[in-house]
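Notes follow once the structure below has been shown.
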Amino acid sequence: MNRIAHLDPQTTTGPAKALFEGVQGKLGVVPNLIRVLGNAPAALQGYLSFNAALADGSLSPKVRELIAIAVAEANQCAYCLSAHTFIGGKLGLAQQDLADARQANATDNRTDAILKLARHIVVQRGELGATELEQARTAGLTDGEVIETAAHVALNIFSNYVNHIASTVIDFPEITLTHGCAASSCACG
């Protein structure tokens, strides 16, 4: 049961209504996360604007979805794991790539480095040691890509936490979480 209202796009008024219409026009639906965020139009606008800005960055849509999956698994967010697995599949990512991302793994070395960096940022709360940063650089990530990865992690943590607080009802094909990865003793990343 949701703990924060999922606003109805048909009856919502004001700034949230305009934002819902924009999402509806782009996606064809207004996902439940967006309906929850509509309770705070400034937060919804911020989320949509940050997402749009990062879409113009250097990371491909597929890599962005893989980051979202790695972060969702690390944060144990079933809503985001389900949503981004669905979206990643629609982008043409193979089921194995989607499954591997949950453990911050990828067959491509650069993507693997990005996912491991993202997982380290989550699990270590941004407190990266020299080793983690050096691993990213050895894989060829630029400083800009490191910062952009951190930005994607922050955006996804925001949506993960909103979903945890709201108990957002999953409106995508549901994916079951693997338990324990976000623990402080996590050894998976």
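In this text, residue positions in the sequence shown follow the numbering used here: the first is 586, and each later residue adds one.
Where a beta carbon is used, it is the ideal one built from N, C-alpha and C, also for glycine.
Could you tell me if residue i is buried or exposed, where buried requires 16 or more neighbouring beta carbons within 10 angstroms of its beta carbon?
i: residue 675; result: exposed
i: residue 701; result: buried
i: residue 614; result: exposed
i: residue 641; result: exposed
i: residue 694; result: exposed
i: residue 723; result: exposed
i: residue 692; result: exposed
i: residue 678; result: buried
i: residue 770; result: With a pLDDT of only 33 at residue 770, under 50, the local geometry of the prediction cannot be trusted, and the value read off the model is given with reservation. Residue 770 comes out exposed.
i: residue 586; result: exposed
i: residue 732; result: exposed
i: residue 668; result: buried
i: residue 612; result: exposed
i: residue 684; result: exposed
Looking only at its own chain, which residues have a Cβ that is under 8 Å from the Cβ of residue i, when we skip the five neighbours before and after it?
i: residue 706; result: 713, 734, 735, 738
i: residue 624; result: 589, 590, 592, 601
i: residue 639; result: 649, 733, 736, 737, 740
Can you list, in chain order, the residues of its chain with a C-beta nearer than 7 Å to that of residue i? Leave out the 5 residues immediately preceding and following it.
i: residue 745; result: 656, 657, 660, 662, 665
i: residue 729; result: 643
i: residue 717; result: 702, 705
i: residue 671; result: 757, 758
i: residue 686; result: 651, 654, 655, 700
i: residue 749; result: 662
i: residue 725; result: 695
i: residue 690; result: 697, 700
i: residue 622; result: 628, 629, 632, 747
With residue i and residue j assumed to form a contact (beta carbons below 8 Å), what rounded beta-carbon distance in angstroms separates them?
i: residue 588; j: residue 752; result: 5 Å
i: residue 609; j: residue 594; result: 6 Å
Can you list, in chain order, the residues of its chain with a C-beta nearer than 6 Å to that of residue i? Leave out the 5 residues immediately preceding and following it.
i: residue 740; result: 635
i: residue 617; result: 591, 753, 754, 756
i: residue 646; result: 676
i: residue 768; result: At residue 768 the pLDDT is 37, less than 50, meaning the model places this residue with poor confidence; the figure from the coordinates comes in the next sentence. Excluding residues within five positions, none has a Cβ falling inside 6 Å.
Check whether the Cβ of residue i sits closer than 7 Å to any heavy atom of the ligand FMN, and report yes or no.
i: residue 739; result: Among the ligands in the structure shown, none appear at all, so the ligand FMN cannot be discussed.
Okay, do the region 627–635 and the region 649–660 touch, 3+ Cβ pairs below 8 Å being the bar?
-> With a cut-off of 8 Å, the region 649–660 and the region 627–635 do not count as touching, because too few Cβ pairs lie within range.
How about the region 712–728 and the region 657–671: do they share at least three Cβ pairs that are nearer than 8 Å?
-> With the rule of 3 Cβ pairs closer than 8 Å, the region 712–728 does not count as touching the region 657–671.
Take every Cβ of the region 595–611, pair it with every Cβ of the region 756–763, and state whether three or more of those distances are shorter than 8 Å.
-> Between the region 595–611 and the region 756–763, the count of Cβ pairs shorter than 8 Å is below three; the stretches do not touch.
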